[in-house]
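To start, the structure itself, in structure tokens.
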Amino acid sequence: MQASGPDDEAPGMKLTSLLFVPADSEKKYRKARETGADGLILDLEDSVAPPNKDTARAMVAGWLDEASDGPALWVRVNALDTGLTLADLAAVVRPGLAGVILPKANGGQDVAQVGHYLDALEARAGLPAGGIRIIVVATETAQAMFNLGSYAPAHPRLAALTWGAEDLSAVVGSTSNKGTDGDWSQPYQLARSLCLMAAAAAEVPALDTLYADFRNEAGLLESCGVSRRDGFAGRLAIHPAQVGPINRAFAPSAEDLALAARIVAAFDADPGLGTIGIDGKMYDIPHLKQARRTLASVQEG
Ligand code: COA
Ligand code: MG
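Numbering-wise, full-length UniProt numbering puts 78 at position 78 of the sequence shown, and it's gapless, one number per residue.
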């Protein structure tokens, strides 16, 4: 099988906004479906207390069985070192599951391991082989930071990489992961940047981590602007109020689309071209790829 990337995404795989929903909350699940999020992350990990894990697994199974249209349904399973992952997967691998979010992953070998579990569970459920995708939270352990190159070439199930600062802070022993200016402090900027590079190397989208201050819409919009300029394709959300701003912030503007269309048209008009000038600026093959990606992003689901 070929490595998968942003250019051959399955339909319905839009990942601009993924909203976390604690998987033991029926009320939040119902509300989350109406937010316009591309996907919901039904969380079996840290937002569900250990005594509620079984109930949460059963609730997710019920939601998957009843859902037909609406946002793509992803499930964040418990980390591989908890011993809970297989039981999580056994409960949720069924029709309707778009994919799983793997927290505290330590590198490409963890994707391969979950991939093997999914191979078996898909066969048991009579699902097409390889259909269930994996999004990795790639920076939550110290070891993970040294293995970020191992996601490339991408496992065929790998859909995206994202990163997290909270669990990493806990293992590193940081009393805060923010500087006095409110921005990520140096160790967490490193994690964020390396996640972006790792995703680019694996040719999958990078999704920026959540913005915790969920009542601060202006701050979220500004932060998403930075994410988008840096190259992130979307973002995790924790509250319904964050979904609209994230979708708006990552959508290409009318000017972006017009320029992308001009770049593509200019190259299409002359297949021998390697570089062109538009309005006094130079564009070459990397710009053409970027322009095609911009146009494709508004044509998907
Ligand atoms: N999905 C769906 N609905 C949500 C929601 C979410 N992630 N977060 C909040 N809501 C709902 C609330 O239930 C409430 O509904 P109501 O108006 O019908 O009562 C409404 O949105 C407003 O919520 P609000 O009062 O502003 O927030 P809260 O104090 O109830 O919840 C959190 C705050 C952080 C607990 C909540 O946003 C949440 O559970 N987020 C997800 C947490 C998570 O999954 N974390 C794991 C990844 S880090
Ligand atoms: Mg966590």
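We put the CB at the ideal spot given by N, CA and C, even for glycine.
Buried/exposed call for residue i, threshold 16 Cβ in 10 Å
i: Gln242; result: buried
i: His287; result: buried
i: residue 361; result: Look at the range of the chain in this structure, 1 to 301, and you will see that residue 361 is not part of it.
i: Lys289; result: exposed
i: Thr209; result: buried
i: Arg133; result: buried
i: Asp69; result: exposed
i: Pro6; result: Annotation note: pLDDT 43 at Pro6 (below 50); position unreliable, coordinate value reported separately. Under this definition Pro6 is a buried residue.
i: Met13; result: buried
i: Pro51; result: exposed
i: Ser150; result: buried
Reference residue i, options the options, closest by Cα
i: Leu221; options: Pro240, Arg248, Ala165 and Thr175; result: Arg248
i: Gly62; options: Val171, Gln290 and Tyr29; result: Tyr29
i: Tyr117; options: Glu140, Leu80 and Val137; result: Leu80
i: Ala98; options: Thr82, Gly83 and Arg76; result: Arg76
i: Ala206; options: Val60, Gly36, Thr85 and Phe250; result: Phe250
i: Arg94; options: Thr85, Leu121 and Gln299; result: Leu121
i: Asp46; options: Leu84, Ser176 and Leu73; result: Leu84
i: Ile246; options: Val171, Gln299 and Ser223; result: Ser223
i: Leu73; options: Ala49, Asp167, Val21 and Gly244; result: Val21
Cβ-Cβ distance between residue i and residue j below 7 Å
i: Asp38; j: Thr16; result: yes
i: Asn78; j: Gly107; result: no
i: Arg262; j: Ile285; result: no
i: Pro271; j: Thr35; result: no
i: Gly96; j: Ala67; result: yes
i: Leu42; j: Ala23; result: yes
i: Glu140; j: Gly173; result: no
i: residue 383; j: Leu102; result: With the chain represented from 1 up to 301, any question about residue 383 goes unanswered, as that position is not in the structure.
i: Gly231; j: Leu190; result: no
Beta-bridge partners of residue i, as assigned by DSSP
i: Asp167; result: For Asp167, which the question treats as bridged, DSSP gives no partner whatsoever.
i: Val136; result: Leu102 and Leu161
i: Pro22; result: Asp43
i: Tyr283; result: Ile276
i: Ser17; result: Arg235
i: Lys27; result: Note: Lys27 sits in no beta bridge, so no partner.
i: Trp184; result: Lys178
i: Asp208; result: Arg235
Rounded Cβ spacing between residue i and residue j (contact assumed at less than 8 Å)
i: Pro71; j: Leu44; result: Not really, about 17 Å apart at Cβ, beyond 8 Å.
i: Ala138; j: Thr162; result: 7 Å
i: Val92; j: His155; result: Not quite, the Cβ-Cβ distance comes to about 19 Å (not below 8 Å), so this is no contact.
i: Leu236; j: Val264; result: Not really, about 31 Å apart at Cβ, beyond 8 Å.
Any non-hydrogen atom of the ligand ADP closer than 6 Å to residue i Cβ
i: Ala32; result: In the structure shown, the ligand ADP is absent; the only ligands present are the ligand COA and the ligand MG.
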